[in-house]
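Peer 1: Quick mapping for you: the protein sequence lines, in order, are chains A and B.
Taking numbering that gives the first Met the number 0, I'd label the letters of the first sequence as residues 0 to 285.
Taking numbering that gives the first Met the number 0, I'd label the letters of the second sequence as residues 0 to 375.
C-beta atoms are modelled at their ideal positions from N, C-alpha and C, and glycine is treated no differently.
Here you go, one structure.
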Amino acid sequence: MSRSATAGTPRSGGRPWTFYVLLAVFILYVIGLYAPMISIYILSFQDVRGGLVFPMKGLSLHWFVDLFTQVRTGDVKGSFDRSIRLAVLVTVLTVVISFLAGMAFRRRYFGDTAVFYLMIGSLVVPGLVLGLGIGLTFNFLGMRPSWYTSALGAQLSCTLPFGVLIMFAVMSRFNTAWEEASRDLGASPLQTVWLVILPILLPGLVAVALFGFTLSYDEFARTLQTAGTLNTLPLEIWSMTLNVTSPALYALGTVTTIVSFVTIGLALGSIVMIQRRRAQRIKNEA
Amino acid sequence: MTMQTTSSGRGAIELAGVVKSYDGGETTAVDGINLKIPDGAYCCVLGPSGCGKSTILRMIAGHEDPTHGEILIGGENVVGLPPVKRRTAMMFQSYALFPHLNVRDNIAYALRVRGMSRSERYRRAEEMMATVQLGEFAERLPGQLSGGQQQRVALARAAITEPRVLLLDEPLSALDEHLRIQMRTELATMQKNLGITFVHVTHTQMEAIALADLVVVMERGKIKQAGPAREVYIAPRDRYVAEFMGGQNVLRGKVRTINGVRATMVGRGEEPIEVAFDGRHRLEKDETIEIAVRRDDIELLRPEKGKVPAGKAAVSSRIVGIEYQGNFVKVMLDATDDVAFIAFVPERRFFQDPMKVGEVVYAAWDVEHAHLMIEP
């Protein structure tokens, strides 16, 4: 008892040795997590002599230009375009359906457990297998797979369960008395949704949207067999790794990372903006 | 629908044979309630959690429908009508203020959903905020208000609809002790100013007797006793009501002798206890009866100072605990087996001649002051 107590308490002039062990583990973890990514970002800024490994050869934006102008690197612009559209579509559907499901699951209904497990089931099935199954089904039905039909469905099979699970967490903090109070004060069900439920759940819905967007934007396994003839960005990157051997590949990695960060920044920024504006309004008028 | 003279006031409420059961009758929350609340009354429904009191409130409010029975407000059956049509308003437990709307918008909400213009509804909200002294907090969000201020917002939000009945679900339970007493007074003032019927659900008997014109004590979905606060307090119908209202000791015994309007019963000890009863009771020998004796009616006498005076009944018992309470001293005795038998002795009197734990004393009271309960 007394030994373990002294091990954890800081002695005069220093921290316990356990602190340094944990610090070392943490630093190794961070290096393992970020060093590979950062290497790619750095290597993408080489000049025309650049190769796939260190050391850096020169410093320029050559490979970024190359990425969008050279045909041999693949259809980056087209696939990027498709990925963004698909991600927006997935986001909208995920937010709407997760919201409705979250509302529905607040009450018990016949077969609710079965519906829940069916939904979670699609997370358990390996994405590649699920994508293959969807692709086969489309073939069987004589339909042509494409990014806005089969790939959309395949991606929803993973964003929806996540979205609904987030909504469960959000809903658990939602006080049903707010709805009742709204009804008590004479609001119609639609007015209650619009004036009370949606505004209160807004931060949660932004989180669902963010999740849906980022999951879709770099989804690979489920999309591989379902995208049809036109590639999404992750598929394009994958095929590039097979036949492109220039830092253009790294440039693409840098660009896509920037897009992801911009998206997250916009989402978080909008939440901060809403809160600032509310606070400002209070300050101004008080 | 025929108008009944007894309950035709606009805010009069009448419950007739109201039953609420769930799961196809497996559990019954409210089990056949009949109750009349006059227009403009302050009614407190009192009972432990799970006794069905909140369900009654929610049925009057229109948030739940009774399984059987009728609910009349102003003489008109309102079962199936939404809250707005009933002209009721509810103040929810912990208030349920909309967290994303400021005080003004919370109060103006009911007017907003009715499609009233912004300027008009803000003008009305402004008036309402002035009445409940919230003017300076108009821009605050509920999370930035104290408990007492939140309660006022909730009250204002409900009152702006000009209801004929205000339903309050444990309105003071979210407040700390000190504030609770202060807001209790505010509720009473508000009710007088608005002049509408208040139905207030609580599990705190202090709240009920301080506020209510009509106290309704409930147990397991049934009304045990309903009446003016003082009547329920001094003349509880049975042990349950006596113990729930507090301030009473209940003694149980068998009738030994009957003589006119006096009888004697024998309780745990062999000593006979004198009991007064009036024409409402018909006692029989060997019948089991229960009497309630107020804690502040009990006088403690030392046996060595002679016999119990005439007109008083007494039990001999041992002091098991003494607690100083400031204005009185709480003395616990072992006169009953299960719950403590308690005497509230005025502070000055106790300290003239203090007693000690372990002493055997007579706990005596005026025979006329003990209350013979109807249902043993």
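Give a yes or no on whether 8 Å exceeds the smallest Cβ distance from A/V195 to chain B.
Peer 2: One-based indexing of the first sequence puts residue 195 of chain A at position 196. With 8 Å as the cut-off, A/V195 counts as an interface residue toward chain B.
Peer 1: Please state whether DSSP places B/T256 in a helix, a strand or coil.
Peer 2: To locate residue 256 of chain B, count along the second sequence from 1; it is residue 257. Three-state DSSP puts B/T256 in a strand.
Peer 1: Rounded to whole angstroms, what's the CA-CA distance from A/P15 to A/L214? Just pull it up for me.
Peer 2: Here residue 15 of chain A refers to the residue found at position 16 of the first sequence. Here residue 214 of chain A refers to the residue found at position 215 of the first sequence. Distance between the alpha carbons of A/P15 and A/L214 is about 41 Å.
Peer 1: Please tell me whether B/V292 and B/Q247 are closer than 8 Å, where the distance is taken between their beta carbons.
Peer 2: Translated into the one-based positions of the second sequence, residue 292 of chain B becomes position 293. Translated into the one-based positions of the second sequence, residue 247 of chain B becomes position 248. In contact: B/V292 and B/Q247 (Cβ atoms closer than 8 Å).
Peer 1: What does A/A186 touch in chain B if you count any residue whose Cβ is under 7 Å from its own?
Peer 2: Translated into positions along the first sequence, residue 186 of chain A becomes position 187. In chain order: V112.
Peer 1: Could you tell me which chain A residues have their CB closer than 8 Å to the CB of B/A95, listed as they occur along the chain?
Peer 2: Sequence index remark: in the second sequence, residue 95 of chain B carries index 96 (1-based). Those within 8 Å of B/A95 in chain A are N174, A176, W177, E179, A180.
Peer 1: Name the DSSP beta bridge partners of B/D365, please?
Peer 2: Mapped onto the second sequence, residue 365 of chain B falls at position 366. Answer by DSSP bridge pairing, in chain order: B/K311.
Peer 1: I need the straight-line Cα distance from B/Y21 to B/D64, nearest angstrom please.
Peer 2: Position 22 of the second sequence, counted from the first residue, corresponds to residue 21 of chain B. Position 65 of the second sequence, counted from the first residue, corresponds to residue 64 of chain B. The straight-line gap from Cα to Cα measures roughly 11 Å.
Peer 1: Between B/W364 and B/A334, what straight-line distance do the alpha-carbon atoms span, to the nearest angstrom?
Peer 2: Locating residue 364 of chain B in the second sequence gives position 365, where the first residue counts as 1. Locating residue 334 of chain B in the second sequence gives position 335, where the first residue counts as 1. Going from the Cα of B/W364 to the Cα of B/A334 covers about 14 Å.
Peer 1: Under a three-way DSSP split, which group does B/P197 fall into?
Peer 2: Locating residue 197 of chain B in the second sequence gives position 198, where the first residue counts as 1. A small fix is needed here, since residue 197 of chain B is Phe in this sequence, not Pro. Strand at B/F197.
Peer 1: Under 9 Å between beta-carbons, which chain B residues line up against A/I199? List them in chain order, please.
Peer 2: Position 200 of the first sequence, counting from 1, holds the residue named residue 199 of chain A. Correct list: F97, P98, H99.
Peer 1: Mapping DSSP to helix, strand and coil, what is A/P202?
Peer 2: Locating residue 202 of chain A in the first sequence gives position 203, where the first residue counts as 1. Here A/P202 sits in helix by DSSP.
Peer 1: Tell me whether B/P227 counts as near the ligand MG, meaning its Cβ is closer than 7 Å to at least one heavy atom of that ligand.
Peer 2: The model on display carries no ligand, and the ligand MG is accordingly not part of it.
Peer 1: For A/T240, I'd like the list of residues in its chain whose CB is within less than 8 Å of its CB, leaving aside the five on either flank, ordered along the chain.
Peer 2: Position 241 of the first sequence, counting from 1, holds the residue named residue 240 of chain A. So the list reads L248, once near-sequence residues are dropped.
Peer 1: Would B/Q92 and B/D175 be called neighbours here (beta carbons separated by less than 8 Å)?
Peer 2: If you number the second sequence from 1, residue 92 of chain B lands on position 93. If you number the second sequence from 1, residue 175 of chain B lands on position 176. Taking 8 Å as the Cβ cut-off, B/Q92 and B/D175 do not qualify as a contacting pair.
Peer 1: Would you tell me roughly how many angstroms separate the C-alpha atoms of B/E290 and B/V360, rounded to the nearest one?
Peer 2: The residue given as residue 290 of chain B occupies position 291 in the second sequence. The residue given as residue 360 of chain B occupies position 361 in the second sequence. It is worth fixing the name first, because residue 290 of chain B is Ile in this sequence and not Glu. Each residue's alpha carbon lies about 20 Å from the other.
Peer 1: Could you check where the beta strand (DSSP E) with B/T287 kicks off and where it finishes?
Peer 2: Residue mapping note: residue 287 of chain B aligns to position 288 of the second sequence, counting from 1. Taken as a continuous stretch (DSSP letters only), the beta strand (DSSP E) holding B/T287 covers 287-293.
Peer 1: Would a C-beta distance cut-off of 8 Å place A/G203 and A/V169 closer than the cut-off?
Peer 2: Walking along the first sequence from the start, residue 203 of chain A turns up at place 204. Walking along the first sequence from the start, residue 169 of chain A turns up at place 170. Cβ distance < 8 Å, so A/G203 and A/V169 count as in contact.
Peer 1: Among A/I165, A/A176, A/M102, A/Q154, whose alpha-carbon lies nearest the alpha-carbon of B/Y94?
Peer 2: Position 95 of the second sequence, counted from the start, is the residue given in the question as residue 94 of chain B. Looking at the Cα atoms, A/A176 is the closest of the given residues.
Peer 1: Nearest CA to the CA of B/G61: which residue from B/P82, B/N76, B/L71, B/E161?
Peer 2: Counting from 1 along the second sequence, the entry for residue 61 of chain B is found at position 62. Answer by Cα proximity: B/P82.
Peer 1: Can you tell me whether DSSP reads A/L267 as helix, strand or coil?
Peer 2: Looking up residue 267 of chain A in the first sequence gives position 268. DSSP places A/L267 in helix when its eight states are reduced to three.
Peer 1: Taking the beta carbon of B/I314 as the centre, do at least 16 other beta carbons fall within 10 Å, making it buried, or is it exposed?
Peer 2: Stepping through the second sequence from its first residue, residue 314 of chain B is reached at position 315. For the sequence presented, residue 314 of chain B should be read as Val rather than Ile. Per the 10 Å Cβ criterion, buried.
Peer 1: Using the Cβ count rule (16 or more neighbours within 10 Å means buried), how would you classify A/G126?
Peer 2: Position 127 of the first sequence, counted from the first residue, corresponds to residue 126 of chain A. Looking at its Cβ environment, which holds 16 or more other Cβ atoms inside 10 Å, A/G126 is buried.
Peer 1: Can you list the residues of chain B that A/D111 reaches, using a CB-CB cut of under 9 Å?
Peer 2: Reading the first sequence from its first residue, position 112 is the one you call residue 111 of chain A. What A/D111 touches in chain B: nothing, since even the nearest Cβ is about 16 Å away.
Peer 1: In three-state DSSP terms, what is B/I208?
Peer 2: For the purposes of this step, residue 208 of chain B is identified with residue 209 of the second sequence, where counting begins at 1. Residue state, collapsed to three classes: helix.
Peer 1: With a Cβ-Cβ cutoff of 8 Å, do A/I165 and A/V207 count as a contact?
Peer 2: Against the first sequence, residue 165 of chain A aligns to sequence position 166. Against the first sequence, residue 207 of chain A aligns to sequence position 208. Closer than 8 Å, so yes.
Peer 1: Enumerate, from N- to C-terminal direction, the unbroken beta strand (DSSP E) stretches of 3 or more residues contained entirely within the region 66-109 of chain B.
Peer 2: Those beta strand (DSSP E) runs which fall completely within the region 66-109 of chain B and span 3+ residues are 67-72, 87-90.
Peer 1: Are the CB atoms of B/V328 and B/V344 within a distance shorter than 8 Å?
Peer 2: Here residue 344 of chain B is taken as the residue at index 345 of the second sequence, counted from 1. Here residue 328 of chain B is taken as the residue at index 329 of the second sequence, counted from 1. Yes, they are a contact pair.
Peer 1: Measuring straight from C-alpha to C-alpha, what distance separates B/K284 and B/A275?
Peer 2: In the second sequence, the residue the question calls residue 284 of chain B occupies position 285. In the second sequence, the residue the question calls residue 275 of chain B occupies position 276. Near 15 Å, if we compare the C-alpha coordinates of B/A275 and B/K284.
Peer 1: Between which two residues does the beta strand (DSSP E) holding B/K329 run?
Peer 2: Indexing the second sequence from 1 puts residue 329 of chain B at position 330. Here the beta strand (DSSP E) through B/K329 covers 327-332.
Peer 1: Where does B/T263 sit, in a helix, a strand or coil, going by DSSP?
Peer 2: Translated into positions along the second sequence, residue 263 of chain B becomes position 264. Of the three classes helix, strand and coil, the one that applies to B/T263 here is strand, per DSSP.
Peer 1: Measuring only the C-alpha atoms, how far is A/T68 from A/S78?
Peer 2: Within the first sequence, the letter at position 69 stands for residue 68 of chain A. Within the first sequence, the letter at position 79 stands for residue 78 of chain A. Near 14 Å, if we compare the C-alpha coordinates of A/S78 and A/T68.
Peer 1: What in chain A is Cβ-close to B/H62, meaning under 9 Å?
Peer 2: Position 63 of the second sequence, counted from the first residue, corresponds to residue 62 of chain B. Result: E179, R182, D183.
Peer 1: If I'm right that A/V149 touches A/G134 with Cβ under 8 Å, what's the distance once you round it to whole angstroms?
Peer 2: Counting from one through the first sequence, the residue named residue 149 of chain A turns up at place 150. Counting from one through the first sequence, the residue named residue 134 of chain A turns up at place 135. The amino acid occupying residue 149 of chain A in the given sequence is Ser; Val does not appear at that position. With a Cβ gap of about 7 Å, A/S149 and A/G134 count as contacting.
Peer 1: 8 Å is my cut-off, CB to CB: does A/Q190 come that close to chain B?
Peer 2: Indexing the first sequence from 1 puts residue 190 of chain A at position 191. With 8 Å as the cut-off, A/Q190 counts as an interface residue toward chain B.
Peer 1: With 16 other CB atoms within 10 Å as the buried threshold, where does B/D352 fall?
Peer 2: Sequence index remark: in the second sequence, residue 352 of chain B carries index 353 (1-based). It is exposed - the Cβ of B/D352 has fewer than 16 other Cβ atoms within 10 Å.
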